[in-house]
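**Q** The opening position of the sequence shown corresponds to residue 16 in the working numbering, with each subsequent residue numbered one higher.
Once you've had a glance at the structure underneath, I'll fire off some questions.
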Amino acid sequence: MSSKQKKSITRIAAGAALLAAAMLLPLEGWLRLLPFLAAYLTVGGGVLMRAGRNILNGQVFDENFLMSIATIGAFAVGEYAEGVVVMLFSQIGQLFESYAVGRSRESIASLMNIRPDSATVLREGRLITVDPYNVGIGEIIVVEPGEKIPLDGIVRSGASSIDSSALTGESLPRDIVSGSEALSGCINLTGVLEIEVTKEFGESTVSKILELVENAASKKAKTENFITKFARYYTPCVVAAAVLLAVVPPLIFSEPFSGWINRALIFLVISCPCALVISVPLSFYGGIGGASKRGILIKGSNYLEALSKTEMVVMDKTGTLTKGTFSVESVNPVDISAEKLLEYAALAESYSNHPISASLIRAYGRETDLSRVSNARESAGHGVMADVDGLPVLAGNAKLMKEAGVDCSVPARPGTAVHVAVDGRYAGYILIADEIKEDAKNAVEEMRKAGVKKTVMLTGDAGSVAVYIAGKLGIDEVHSELLPADKLDQVERLGKETSKEGKLAFVGDGINDAPVLSQADIGIAMGGLGSDAAIEAADIVIMDDRPSKIPVAIRISRKTMRIVWQNIIFSLAVKAAVLALGAVGIATMWEAVFADVGVSVIAILNAVRLIRGEKTRV
Numbered sequence: 016m017s018s019k020q021k022k023s024i025t026r027i028a029a030g031a032a033l034l035a036a037a038m039l040l041p042l043e044g045w046l047r048l049l050p051f052l053a054a055y056l057t058v059g060g061g062v063l064m065r066a067g068r069n070i071l072n073g074q075v076f077d078e079n080f081l082m083s084i085a086t087i088g089a090f091a092v093g094e095y096a097e098g099v100v101v102m103l104f105s106q107i108g109q110l111f112e113s114y115a116v117g118r119s120r121e122s123i124a125s126l127m128n129i130r131p132d133s134a135t136v137l138r139e140g141r142l143i144t145v146d147p148y149n150v151g152i153g154e155i156i157v158v159e160p161g162e163k164i165p166l167d168g169i170v171r172s173g174a175s176s177i178d179s180s181a182l183t184g185e186s187l188p189r190d191i192v193s194g195s196e197a198l199s200g201c202i203n204l205t206g207v208l209e210i211e212v213t214k215e216f217g218e219s220t221v222s223k224i225l226e227l228v229e230n231a232a233s234k235k236a237k238t239e240n241f242i243t244k245f246a247r248y249y250t251p252c253v254v255a256a257a258v259l260l261a262v263v264p265p266l267i268f269s270e271p272f273s274g275w276i277n278r279a280l281i282f283l284v285i286s287c288p289c290a291l292v293i294s295v296p297l298s299f300y301g302g303i304g305g306a307s308k309r310g311i312l313i314k315g316s317n318y319l320e321a322l323s324k325t326e327m328v329v330m331d332k333t334g335t336l337t338k339g340t341f342s343v344e345s346v347n348p349v350d351i352s353a354e355k356l357l358e359y360a361a362l363a364e365s366y367s368n369h370p371i372s373a374s375l376i377r378a379y380g381r382e383t384d385l386s387r388v389s390n391a392r393e394s395a396g397h398g399v400m401a402d403v404d405g406l407p408v409l410a411g412n413a414k415l416m417k418e419a420g421v422d423c424s425v426p427a428r429p430g431t432a433v434h435v436a437v438d439g440r441y442a443g444y445i446l447i448a449d450e451i452k453e454d455a456k457n458a459v460e461e462m463r464k465a466g467v468k469k470t471v472m473l474t475g476d477a478g479s480v481a482v483y484i485a486g487k488l489g490i491d492e493v494h495s496e497l498l499p500a501d502k503l504d505q506v507e508r509l510g511k512e513t514s515k516e517g518k519l520a521f522v523g524d525g526i527n528d529a530p531v532l533s534q535a536d537i538g539i540a541m542g543g544l545g546s547d548a549a550i551e552a553a554d555i556v557i558m559d560d561r562p563s564k565i566p567v568a569i570r571i572s573r574k575t576m577r578i579v580w581q582n583i584i585f586s587l588a589v590k591a592a593v594l595a596l597g598a599v600g601i602a603t604m605w606e607a608v609f610a611d612v613g614v615s616v617i618a619i620l621n622a623v624r625l626i627r628g629e630k631t632r633v
């Protein structure tokens with residue numbers, strides 16, 4: 016509990032005690048006014064001061080003004096107790112608001128705790144502690160167990176487990192060794208690490224994330240902006256209506272002013288728009304905070320609202336649905352053993368830095384003896400040629416085999432086939448495939464359950480591979496062999512298939528897909544951890560490589576909007592009913608208090624549901 020909340024509780028308790036004393040003391044006339052006035056100023060002095068300040072600043076018609084006028088009016092007509100009670104319950108409502116806002120900030124505040132206070136840098140053989148802003152690229156920083164990694168870099172010495180939960184929402188530690196990438200904001204758990212800095216602090220992962228979070232509040236949803244504008248016009252209208260209610264009926268019906276003034280005061284208390292003004296922004300804030308707990312960063316409530324209307328999800332293949340790393344799926348020899356086929360291919364590819372070459376060497380699993388390889392050369396777009404143990408070896412695609420006059424087999428299933436010929440004779444092929452992420456299929460299924468009508472995959476890969484992967488994942492539509500410009504055209508075309516209010520979300524890896532991320536209604540960067548392009552181009556950043564976070568984000572957005580509209584409809588319905596009763600003299604100040612404070616508290620408690628950590632369902 017904050018010190019401000021403690022002071023508020025003390026003030027409310029003191030005001031309640033003074034009110035009880037005022038009601039029990041047998042005083043008359045002006046003496047009766049004094050204890051009520053003391054209770055009123057104790058609990059409502061801050062409201063009166065804020066109202067006065069706002070009037071001086073030109074902000075007349077707000078909830079502080081309404082509350083002040085209504086309670087001062089109650090004292091003017093001799094309803095001292097009711098004036099104090101209205102202000103007392105108003106402060107109780109604000110206390111609930113403060114508590115709810117505090118809860119909603121916790122998840123984001125925990126994210127903000129990733130900001131490092133200092134960095135230990137190795138300079139001239141000595142370790143010195145400096146501000147992270149003062150560490151340059153190429154310098155070596157030392158991170159002890161239990162410390163935050165202050166800057167992005169590459170581990171040059173040491174091995175450890177790191178906690179990346181503040182960035183990704185992933186609870187399991189991740190092991191890093193020499194050569195591994197180390198990202199700022201993670202916590203070093205076990206061993207001492209020496210890290211070579213690759214980015215200045217202002218460009219580091221932690222800085223980019225903190226900037227994103229800090230700016231999220233400025234990007235308001237249409238619903239949120241509407242409520243703000245509504246309150247701006249609504250408040251002066253109800254003040255004018257209250258004045259008319261106090262003046263016109265007594266003049267027309269020749270009745271005493273006191274009764275109608277009391278109705279007008281009740282009308283003002285009822286009409287206070289606190290429930291809407293508080294609960295709607297709080298709901299969006301809670302949704303963004305709840306998403307951040309799960310490693311999903313949403314740049315503003317406008318994107319959260321747009322995501323709730325998602326009808327179509329378009330996804331890149333490599334890096335989004337697949338791991339983007341090639342691996343050997345099968346070895347298919349002809350008149351040679353599988354081990355020997357793989358050995359010839361790995362040795363021939365040993366001088367190439369192509370990802371396919373790397374996958375063959377990994378599958379070989381042994382150190383390549385380069386002394387066995389000579390005359391190695393590479394043909395772009397075809398493959399490699401080399402002499403292995405004195406024999407000419409070709410390793411590449413069907414085009415390379417055709418040029419060499421070697422007949423090759425047609426693979427039984429889609430994938431990238433590396434055909435191998437030894438001494439002019441076909442030796443078989445090795446099938447290379449991009450691995451599908453473990454949760455990709457489940458992610459597509461959950462999207463449908465979350466209300467997505469259509470899923471689409473875009474890729475530059477070959478048609479047979481694209482169709483195969485799309486079939487395995489259950490994706491509705493696939494487009495292959497696309498250049499980056501083609502992806503833009505496809506997203507534009509697919510966007511026309513959505514309804515007038517429906518939105519298209521594009522999910523990419525945040526690096527190659529930055530233009531498409533910007534073009535889509537909602538751009539979602541997958542695996543944005545450490546990717547500047549992801550954080551810059553996307554509206555929503557999923558901080559790990561798990562596509563299953565996409566339906567989670569959609570569920571959170573839809574639950575947020577559901578709670579927002581529940582609060583709007585409930586608040587307006589109750590207020591309309593009690594306003595009507597107040598205008599005809601049926602509702603008392605107690606009903607007025609419920610219509611204001613009671614509705615606000617209920618709406619706030621409803622919004623707080625978004626902040627809880629339980630699984631969010633549609």
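Backbone N, C-alpha and C define an ideal beta-carbon position, used for all residues, glycine too.
1) With residue 358 as the anchor, note down where its alpha helix (DSSP H) starts and where it stops.
2) So, using beta-carbon positions, are residue 211 and residue 171 closer together than 9 Å?
3) Is it right to say residue 102 is buried, meaning 16 or more other beta carbons lie within 10 angstroms of its own, or is it exposed?
4) DSSP on residue 152, reduced to helix/strand/coil?
5) Three-state secondary structure (DSSP) at residue 465?
6) Checking 9 Å against the spacing of the C-beta atoms, do residue 558 and residue 469 come in under that value?
7) Give me the Cα-Cα distance between residue 279 and residue 38, rounded to the nearest whole angstrom.
8) What is the DSSP secondary structure of residue 633, counted as helix, strand or coil?
9) Which ranges would you report for the beta strand (DSSP E) in the segment 323 to 357 if only whole runs of at least 3 residues count?
10) So which of 332, 305, 283, 318 has the shortest CA-CA distance to residue 606?
11) Please classify residue 423 as buried or exposed, where buried requires at least 16 neighbouring CB atoms within 10 angstroms.
12) Report yes if the CB atom of residue 499 is closer than 9 Å to the CB atom of residue 459, and no otherwise.
13) Less than 9 Å separating the beta-carbons of residue 589 and residue 567?
14) Within a Cβ cutoff of 6 Å, which residues of the same chain sit near residue 461, ignoring the five residues on either side of it in sequence?
15) Is it buried or exposed for residue 218, if we count other Cβ within 10 angstroms and need 16 for buried?
16) Can you have a look at residue 414 and say buried or exposed, based on whether 16 or more other CB atoms are within 10 angstroms of its CB?
17) To the nearest angstrom, how far is the alpha carbon of residue 438 from that of residue 192?
18) Can you name, in chain order, every residue of its own chain whose Cβ lies under 6 Å from the Cβ of residue 24, other than the five neighbours on each side?
19) Confirm, please, whether the CB-CB distance from residue 574 to residue 625 is below 9 Å.
20) Can you tell me which of 551, 602, 598, 612 puts its alpha carbon nearest to the alpha carbon of residue 263?
21) Which first and last residues belong to the beta strand (DSSP E) in which residue 171 is found?
22) Sort 135, 337, 139, 140 by Cα distance to residue 150 and report the nearest one.
23) Determine the contact status of residue 299 and residue 616, defining contact as a CB-CB distance below 9 Å.
24) Note down, in chain order, each residue of its chain lying with its Cβ closer than 6 Å to the Cβ of residue 416, except the 5 sequence neighbours on either side.
25) Going by DSSP, name the residue or residues bridged to residue 135.
26) Within 10 angstroms of the Cβ of residue 315, are there 16 or more other Cβ atoms? Answer buried if so, exposed if not.
27) Note down, in chain order, each residue of its chain lying with its Cβ closer than 8 Å to the Cβ of residue 363, except the 5 sequence neighbours on either side.
28) Do three or more CB pairs link the segment 515 to 524 to the segment 358 to 378 at distances below 8 Å?
29) So what's residue 628 in DSSP terms, helix, strand or just coil?
30) Who are the Cβ neighbours of residue 88 in its own chain at under 7 Å, not counting the five residues just before and after it?
31) Determine whether the beta carbon atoms of residue 482 and residue 426 lie at a separation below 9 Å.
32) Can you grab the Cα-Cα spacing for the pair residue 106 / residue 83, in whole Å?
33) Which first and last residues belong to the beta strand (DSSP E) in which residue 390 is found?
34) Rounding to the nearest angstrom, what Cα-Cα distance links residue 257 and residue 602 in this structure?
35) Taking only the alpha-carbon atoms, compute the straight-line gap between residue 53 and residue 254 and give it to the nearest angstrom.
36) Helix, strand or coil: which one does DSSP assign to residue 30?
**A** The relevant details are as follows:
1) Here residue 358 refers to the residue found at position 343 when the sequence shown is read from its first residue. Here the alpha helix (DSSP H) through residue 358 covers 353 to 363.
2) Here residue 211 is taken as the residue at index 196 of the sequence shown, counted from 1. Here residue 171 is taken as the residue at index 156 of the sequence shown, counted from 1. Judged by beta-carbon spacing, residue 171 lies within the 9 Å limit of residue 211, meaning their Cβ atoms are closer than that value.
3) Along the sequence shown, read from residue 1 onward, the residue named residue 102 stands at position 87. Per the 10 Å Cβ criterion, buried.
4) Start at 1 with the first residue of the sequence shown, and residue 152 comes out as number 137. The three-state secondary structure of residue 152, taken from DSSP, is coil.
5) Taking the sequence shown and counting its residues from 1, one reaches residue 465 at position 450. Look at residue 465 here: in three-state DSSP terms it is coil, with no helix or strand label.
6) Here residue 558 corresponds to residue number 543 of the sequence shown, with the count starting at 1. Here residue 469 corresponds to residue number 454 of the sequence shown, with the count starting at 1. No, the Cβ-Cβ distance between residue 558 and residue 469 is not below 9 Å.
7) To locate residue 279, count along the sequence shown from 1; it is residue 264. To locate residue 38, count along the sequence shown from 1; it is residue 23. Linking residue 279 to residue 38 through their CA atoms gives a straight-line distance of about 25 Å.
8) Position 618 of the sequence shown, counting from 1, holds the residue named residue 633. A caution first: residue 633 carries a pLDDT of 41, below 50, which makes its placement in the model unreliable, though a value can still be read off. Three-state result, residue 633: coil.
9) Qualifying beta strand (DSSP E) stretches, in chain order: 325 to 331, 337 to 348.
10) Position 591 of the sequence shown, counted from the start, is the residue given in the question as residue 606. Measuring from the Cα of residue 606, the nearest candidate turns out to be 283.
11) Within the sequence shown, the letter at position 408 stands for residue 423. Buried, since its Cβ has 16 or more Cβ neighbours within 10 Å.
12) For the purposes of this step, residue 499 is taken as the residue at position 484 of the sequence shown. For the purposes of this step, residue 459 is taken as the residue at position 444 of the sequence shown. Going by beta carbons, residue 499 and residue 459 fall outside the 9 Å limit.
13) Numbered from 1 along the sequence shown, position 574 holds the residue referred to as residue 589. Numbered from 1 along the sequence shown, position 552 holds the residue referred to as residue 567. Not closer than 9 Å, so no.
14) Taking the sequence shown and counting its residues from 1, the one referred to as residue 461 is at position 446. So the list reads 566, once near-sequence residues are dropped.
15) Residue numbering aside, residue 218 sits at position 203 when the sequence shown is read from its first letter. With fewer than 16 other Cβ atoms within 10 Å, it is exposed.
16) Numbered from 1 along the sequence shown, position 399 holds the residue referred to as residue 414. Residue environment for residue 414: exposed (fewer than 16 other C-beta atoms within 10 angstroms of its C-beta).
17) Residue 438 sits at position 423 when you count from the first residue of the sequence shown. Residue 192 sits at position 177 when you count from the first residue of the sequence shown. If I take the Cα positions, the gap works out to 41 Å.
18) Translated into the one-based positions of the sequence shown, residue 24 becomes position 9. Sequence-distant partners of residue 24 (beyond 5 residues in either direction) whose C-beta falls short of 6 Å from its own C-beta are missing from its chain.
19) The residue you call residue 625 lines up with position 610 of the sequence shown. The residue you call residue 574 lines up with position 559 of the sequence shown. With contacts defined by Cβ atoms closer than 9 Å, residue 625 and residue 574 form a contacting pair.
20) As a position in the sequence shown, residue 263 is number 248, starting the count at 1. Ranking 551, 602, 598, 612 by Cα distance to residue 263 puts 598 first.
21) If you number the sequence shown from 1, residue 171 lands on position 156. Counting along the chain, the beta strand (DSSP E) containing residue 171 begins and ends at 168 to 172.
22) Position 135 of the sequence shown, counting from 1, holds the residue named residue 150. When the alpha-carbon of residue 150 is set against those of 135, 337, 139, 140, the nearest one is in 135.
23) Against the sequence shown, residue 299 aligns to sequence position 284. Against the sequence shown, residue 616 aligns to sequence position 601. The answer is no: Cβ separation not under 9 Å.
24) For the purposes of this step, residue 416 is taken as the residue at position 401 of the sequence shown. Exclusion of the five residues before and after residue 416 leaves 423, 434 as the residues of its chain whose Cβ lies within less than 6 Å of its Cβ.
25) The residue given as residue 135 occupies position 120 in the sequence shown. In the DSSP assignment, residue 135 is bridged to 144.
26) Translated into the one-based positions of the sequence shown, residue 315 becomes position 300. Counting C-beta atoms within 10 angstroms of its own C-beta, residue 315 has 16 or more neighbours from the protein chains shown and is therefore classed as buried.
27) On the sequence shown, position 348 is the one that residue 363 refers to. Correct list, in chain order: 388, 391, 399, 400, 401, 403, 408, 409, 410, 435.
28) No contact exists between the segment 515 to 524 and the segment 358 to 378.
29) Within the sequence shown, the letter at position 613 stands for residue 628. Here residue 628 scores only 48 on pLDDT, less than 50, and its place in the model should not be relied on; the value that follows carries that caveat. Looking at residue 628 - three-state DSSP - the assignment turns out to be coil, as it is neither helix nor strand.
30) Along the sequence shown, one-based indexing puts residue 88 at 73. Counting only Cβ-Cβ distances below 7 Å, and skipping sequence neighbours, we find 276, 280.
31) What you label residue 482 is simply residue 467 of the sequence shown in a count that begins at 1. What you label residue 426 is simply residue 411 of the sequence shown in a count that begins at 1. No, these two residues do not count as a Cβ contact at 9 Å.
32) One-based indexing of the sequence shown puts residue 106 at position 91. One-based indexing of the sequence shown puts residue 83 at position 68. Distance between the alpha carbons of residue 106 and residue 83 is about 12 Å.
33) For the purposes of this step, residue 390 is taken as the residue at position 375 of the sequence shown. It spans 388 to 394 - the beta strand (DSSP E) in which residue 390 sits, taken as one unbroken run.
34) Here residue 257 refers to the residue found at position 242 when the sequence shown is read from its first residue. Here residue 602 refers to the residue found at position 587 when the sequence shown is read from its first residue. Each residue's Cα considered, the two are about 15 Å apart.
35) As a working mapping, residue 53 is identified with position 38 in the sequence shown. As a working mapping, residue 254 is identified with position 239 in the sequence shown. Whole-angstrom Cα-Cα distance: 27 Å.
36) Against the sequence shown, residue 30 aligns to sequence position 15. Note: residue 30 maps to helix in three-state DSSP.
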